[in-house]
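Counting in our numbering, the sequence shown runs without a single skipped number right up to 1111 at its last residue.
Even glycine gets a Cβ: it sits at the ideal position worked out from N, Cα and C.
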Amino acid sequence: MIKCVSIAIHSHIVHRKSNKTMSIFDEKLHPLTKDPVPDNYDQQMTEQKTIYRFMRILFTAAQLTAECAIVTLVYLERVLSYGELDLCPSNWKRLVLGAIMLASKVWDDQAVWNVDFCQILQDITVSEMNELEREYIQLLQFNVNVGSSIYAKYYFDLRQLAKENKISFPDELLTKEKAIKLEALSLVNNRLQQPLSTSKNQSNPVQSMPNSHQISSQQQSLVPLISLRRSASVEFTHSPRKSLLIIS
C-alpha cells in the first residue's frame, strides 16, 4: 500500500503545473535533518523510491496501518486543493509528513503523538512538529472527515494503480466494519465542528490536535470502542483537485 501511495505522490510532483508552496513546507527553511540541503534542492527531480523509503521509515517506526496510508493520501490531496499548492521537490517531505501525522491521529487506533515522530526524525523538535500540524489543520479548514465513499474511491483508484504497476494489494482494506468506523468518525467530527470552527476565528493560534483523552465523555460515547484523535471538521466547500492516482 505504501508503494502505491508513493507512486501517486510522485505523479503529483511530475505532473505539477507550477511550484506554488508555503514557507512552512520549504525544506530549506525548515529542514528535517541536520544534513545540509543542496542549493539546487528545489530543482532536483524526486524519485519515487525516495518517497517510498521516506514513508516506509515513518510507517514502520510508528507501526502505522495500511489504511493510514490511504487516509494520508486523502489529506495530502485535500491540502493541495484547499491551499492551492503544488507538490514540489522542495516541499514534498514536509507535506507528506503533515498528512501522515494527521492520518495517524484520526485513523490509527494506537496513540501516535508528535513527540513519537520526533523520536523517528530526531533533528526536528516537538514545537516544530506542532507548528507544522497547526498549519496543516488550518489549511484543511479543520476538515479531517474521510467518509466511506471517499475512502472507497481512493481504495479502488489505488488498487487499479497497483494492478498497472504489478504490485500486490490487500483486499481486506475495504470491509463493512471499516466503512462503519469511517462513518462513525465522521459523525464525531461533525459534532465537534462548532467548538473548533469557532476557535479558528479567534486571535489565538490553533492548538495542537486534541487526542481521545481531551474529548469529553459525551462526545466519546457517540462511537464507543473507537479511539478518537482529531480536530473538528468543517464542510468540504472547495472543489477537490483531481486525483492523479490513475496515470494515463
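Out of the options, state which residue places its alpha-carbon closest to the alpha-carbon of residue i.
i	options	result
Gly946	Ser953, Tyr938 and Phe1019	Tyr938
Trp955	Glu940, Thr988, Gln982 and Ser967	Glu940
Leu895	Phe980, Lys1016, Lys866 and Pro1033	Phe980
Leu960	Glu890, Pro901, Glu910 and Arg1022	Glu890
Leu927	Phe917, Ala962 and Gln973	Gln973
Val872	Glu998, Tyr1017 and Val975	Looking at the sequence provided, one finds Ile at residue 872 rather than Val. It is Tyr1017 whose Cα lies nearest to the Cα of Ile872.
Gln911	Pro952, Gln1023, Ser1011 and Met885	Pro952
Ile870	Val978, Arg957 and Phe917	Phe917
Lys897	Ser1011, Asn977 and Ile987	Ile987
Arg957	Val978, Met992 and Cys931	Met992
Suppose the cutoff is 6 Å on Cβ atoms and the five residues either side in sequence are ignored; what does the same chain contact list for residue i look like?
i	result
Asp949	Arg879, Ser881, Asn882 and Lys883
Glu998	Ile887
Val975	Ala925 and Ser967
Lys866	Tyr915 and Ile1030
Ala1135	A question about residue 1135 goes unanswered here, because the residues of the chain that appear run from 864 up to 1111.
Ser1080	Residue placement at Ser1080 is poorly supported in this model, since its pLDDT is 34, which falls under 50; the coordinates still yield a value, given next. If we look at Ser1080 and ignore the five residues flanking it on each side, it has no Cβ neighbours.
Work out the CA separation of residue j and residue i for me, nearest whole Å.
i	j	result
Met864	Ser990	30 Å
Val868	Glu994	25 Å
Glu1027	Pro1033	15 Å
Glu996	Trp970	16 Å
Ile876	Ile914	11 Å
Ser1031	Ala1025	7 Å
Lys1029	Phe1019	15 Å
Asp902	Met885	18 Å
Ser874	Ala932	16 Å
Is there a Cβ from chain D that is less than 7 Å from the Cβ of residue i?
i	result
Ser869	Here chain D cannot be found, since the structure has a single protein chain.
Excluding sequence positions up to five away, which residues of its chain have a Cβ less than 8 Å from the Cβ of residue i?
i	result
Val900	Glu890, Lys891 and Pro894
Leu1118	Nothing about residue 1118 can be reported from this structure: the residues present for the chain run from 864 to 1111 only.
I'd like the list of long-range same chain contacts for residue i, defined as Cβ closer than 7 Å, with 5 residues on each side in sequence excluded.
i	result
Val978	Val989
Does the distance between the C-beta of residue i and the nearest non-hydrogen atom of the ligand SAH fall short of 6 Å?
i	result
Leu1021	Among the components modelled here there is no ligand, and therefore nothing to report on the ligand SAH.
Are there three or more Cβ pairs, one per stretch, closer than 8 Å when the segment 893-909 is compared with the segment 998-1008?
The count of Cβ pairs closer than 8 Å, one atom from the segment 893-909 and one from the segment 998-1008, stays below three, leaving the stretches out of contact.
On the three-pair Cβ rule with 8 Å, is the segment 942-958 touching the segment 991-1006?
Here the segment 942-958 makes contact with the segment 991-1006; the two share three or more CB pairs at distances below 8 Å.
Does the segment 925-936 come into contact with the segment 952-967, if we say contact requires no fewer than three beta-carbon pairs (one atom in each stretch) closer than 8 Å?
The segment 925-936 vs the segment 952-967: in contact.
For the segment 912-929 against the segment 983-997, do three or more pairs of beta-carbon atoms, one drawn from each stretch, fall closer than 8 Å, so that the two count as touching?
These segments touch.
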